[in-house]
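S.K.: Below: one structure in structure tokens.
Numbering (my numbering), first residue to last: 239 to 472.
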């Protein structure tokens with residue numbers, strides 16, 4: 239935590255005196271709320287705007303997004319709506335990016351951050367971070383499918399997947415799938431190779447992070463202290 243005027247002065251754009259004057263003039267907001275107290279303590283990752291323009295955070299930002307279908311997991315994609323567009327204009331220029339990707343038609347948990355080293359650590363193949371998906375399929379999943387995923391599915395093009403876990407739910411048309419890598423369309427291709435094409439895909443866990451089901455599709459929130467603790471202990 240640091241004083242708001244110090245946070246502004248730390249950008250190099252204003253002196254401490256000028257920063258105090260900006261705040262007292264009502265030109266500064268913190269997390270969308272106008273603030274006129276230069277001495278207010280703010281978190282280094284808090285969203286601070288001056289005249290509506292975001293100030294780069296002094297600490298990394300970590301957001302949980304409930305990605306809806308139809309939105310691409312990218313910072314920029316011509317002709318497409320991206321996950322950054324869901325955050326609003328204030329978050330467009332502070333270096334946020336999705337840690338990993340979800341297919342355009344998939345839903346669920348996505349971590350957005352500007353902490354490159356953390357994202358690299360979570361996504362590095364050697365880390366084998368678990369990713370858990372809820373899937374619905376055309377067909378009925380059975381014990382043979384469970385064993386195939388557990389042994390490591392070989393895809394149609396000869397690509398070998400690492401062993402994973404398949405937990406069919408009652409009725410056999412839905413399941414939880416756990417993988418520890420991130421090959422292109424991997425879950426869909428794994429189950430398609432078993433003759434059970436995926437009709438619905440939702441990521442419910444990424445490493446130690448579990449999707450907050452209180453978030454509506456398209457909504458987001460900062461990670462809380464407990465979530466940050468488990469992410470950095472990964």
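We put the CB at the ideal spot given by N, CA and C, even for glycine.
Tell me residue 413's beta-bridge partners as DSSP assigns them.
M.R.: On the chain shown, position 175 is the one that residue 413 refers to. According to DSSP, which records beta bridges pairwise, residue 413 is partnered with 373, 406.
S.K.: So residue 375 packs on residue 440, CB below 8 Å; how close in whole Å?
M.R.: By one-based count along the chain shown, residue 375 stands at place 137. By one-based count along the chain shown, residue 440 stands at place 202. Not quite, the Cβ-Cβ distance comes to about 13 Å (not below 8 Å), so this is no contact.
S.K.: Along the chain, where does the beta strand (DSSP E) that runs through residue 288 open and close?
M.R.: Sequence index remark: in the chain shown, residue 288 carries index 50 (1-based). Where residue 288 is concerned, the enclosing beta strand (DSSP E) stretches over 286-288.
S.K.: Alpha carbon to alpha carbon, how far is residue 348 from residue 252? Give it in angstroms, no decimals.
M.R.: For the purposes of this step, residue 252 is taken as residue 14 along the chain shown, with counting starting at 1. For the purposes of this step, residue 348 is taken as residue 110 along the chain shown, with counting starting at 1. Going from the Cα of residue 252 to the Cα of residue 348 covers about 35 Å.
S.K.: Using 8 Å as the threshold, is the segment 325-335 in touch with the segment 362-370, meaning 3 or more CB pairs across them?
M.R.: Segments in contact, no.
S.K.: Below 6 Å CB to CB, which residues in the same chain sit around residue 456 once its five sequence neighbours on both sides are set aside?
M.R.: By one-based count along the chain shown, residue 456 stands at place 218. Around residue 456: 306, 324.
S.K.: I believe residue 338 touches residue 379 by the beta-carbon criterion, under 8 Å. Please report the beta-carbon distance rounded to the nearest angstrom.
M.R.: Here residue 338 is taken as the residue at index 100 of the chain shown, counted from 1. Here residue 379 is taken as the residue at index 141 of the chain shown, counted from 1. No, residue 338 and residue 379 are not in contact; Cβ-Cβ is about 25 Å, not under 8 Å.
S.K.: Use the C-beta contact count for residue 399: other C-beta atoms within 10 angstroms, 16 or more gives buried, fewer gives exposed.
M.R.: In the chain shown, residue 399 corresponds to position 161, counting from 1. By the 10 Å Cβ count, residue 399 comes out buried.
S.K.: Hey, out of 319, 249, 353, 345, whose CA is closest to residue 454's CA?
M.R.: Counting from 1 along the chain shown, the entry for residue 454 is found at position 216. Nearest C-alpha to residue 454: 345.
S.K.: DSSP three-state label for residue 257, please.
M.R.: One-based indexing of the chain shown puts residue 257 at position 19. Helix at residue 257.
S.K.: Is residue 339 helix, strand or coil when you go by DSSP?
M.R.: Position 101 of the chain shown, counted from the start, is the residue given in the question as residue 339. In the structure shown, residue 339 sits in coil (DSSP, three-state: anything other than H, G, I, E or B).
S.K.: Over the uninterrupted alpha helix (DSSP H) stretch that includes residue 428, give me the two end residues.
M.R.: Residue mapping note: residue 428 aligns to position 190 of the chain shown, counting from 1. It spans 424-431 - the alpha helix (DSSP H) in which residue 428 sits, taken as one unbroken run.
S.K.: What does the alpha-carbon distance come out to for the pair residue 245 and residue 417?
M.R.: Here residue 245 is taken as the residue at index 7 of the chain shown, counted from 1. Here residue 417 is taken as the residue at index 179 of the chain shown, counted from 1. Cα to Cα, residue 245 sits roughly 41 Å from residue 417.
S.K.: Can you check whether the CB of residue 436 is closer than 8 Å to the CB of residue 404?
M.R.: Translated into positions along the chain shown, residue 404 becomes position 166. Translated into positions along the chain shown, residue 436 becomes position 198. Not a contact, by the Cβ cut-off of 8 Å.
S.K.: Should residue 255 be labelled buried (16 or more other beta-carbon atoms within 10 Å of its own) or exposed?
M.R.: Within the chain shown, numbered from 1, the residue matching residue 255 stands at position 17. Exposed, since its Cβ has fewer than 16 Cβ neighbours within 10 Å.
S.K.: Hey, out of 317, 275, 443, whose CA is closest to residue 240's CA?
M.R.: Within the chain shown, residue 240 is the residue found at index 2, counting from 1. The option with the nearest alpha carbon to residue 240 is 275.
S.K.: So, using beta-carbon positions, are residue 273 and residue 288 closer together than 8 Å?
M.R.: Working through the chain shown from its first residue, we reach residue 273 at position 35. Working through the chain shown from its first residue, we reach residue 288 at position 50. In this structure, residue 288 does not lie closer than 8 Å to residue 273 by Cβ.
S.K.: Please list the terminal residues of the continuous beta strand (DSSP E) segment that includes residue 345.
M.R.: Stepping through the chain shown from its first residue, residue 345 is reached at position 107. Note, residue 345: beta strand (DSSP E), 345-351.
S.K.: Closest to residue 296 by CA distance: which of 290, 462, 282, 270 is it?
M.R.: Numbered from 1 along the chain shown, position 58 holds the residue referred to as residue 296. Cα-wise, what sits closest to residue 296 is 282.
S.K.: Could you round the C-beta distance between residue 298 and residue 351 to whole angstroms and report it? I think they count as a contact, below 8 Å.
M.R.: Within the chain shown, the letter at position 60 stands for residue 298. Within the chain shown, the letter at position 113 stands for residue 351. That belief holds up - the Cβ atoms of residue 298 and residue 351 are roughly 6 Å apart, short of 8 Å.
S.K.: From residue 278 to residue 354, what distance separates their C-alpha atoms?
M.R.: For the purposes of this step, residue 278 is taken as residue 40 along the chain shown, with counting starting at 1. For the purposes of this step, residue 354 is taken as residue 116 along the chain shown, with counting starting at 1. Approximately 29 Å between the Cα atoms of the pair.
S.K.: Based on the DSSP secondary-structure assignment, which residues constitute the bridge partners of residue 439?
M.R.: Along the chain shown, one-based indexing puts residue 439 at 201. DSSP lists 373 as partners of residue 439.
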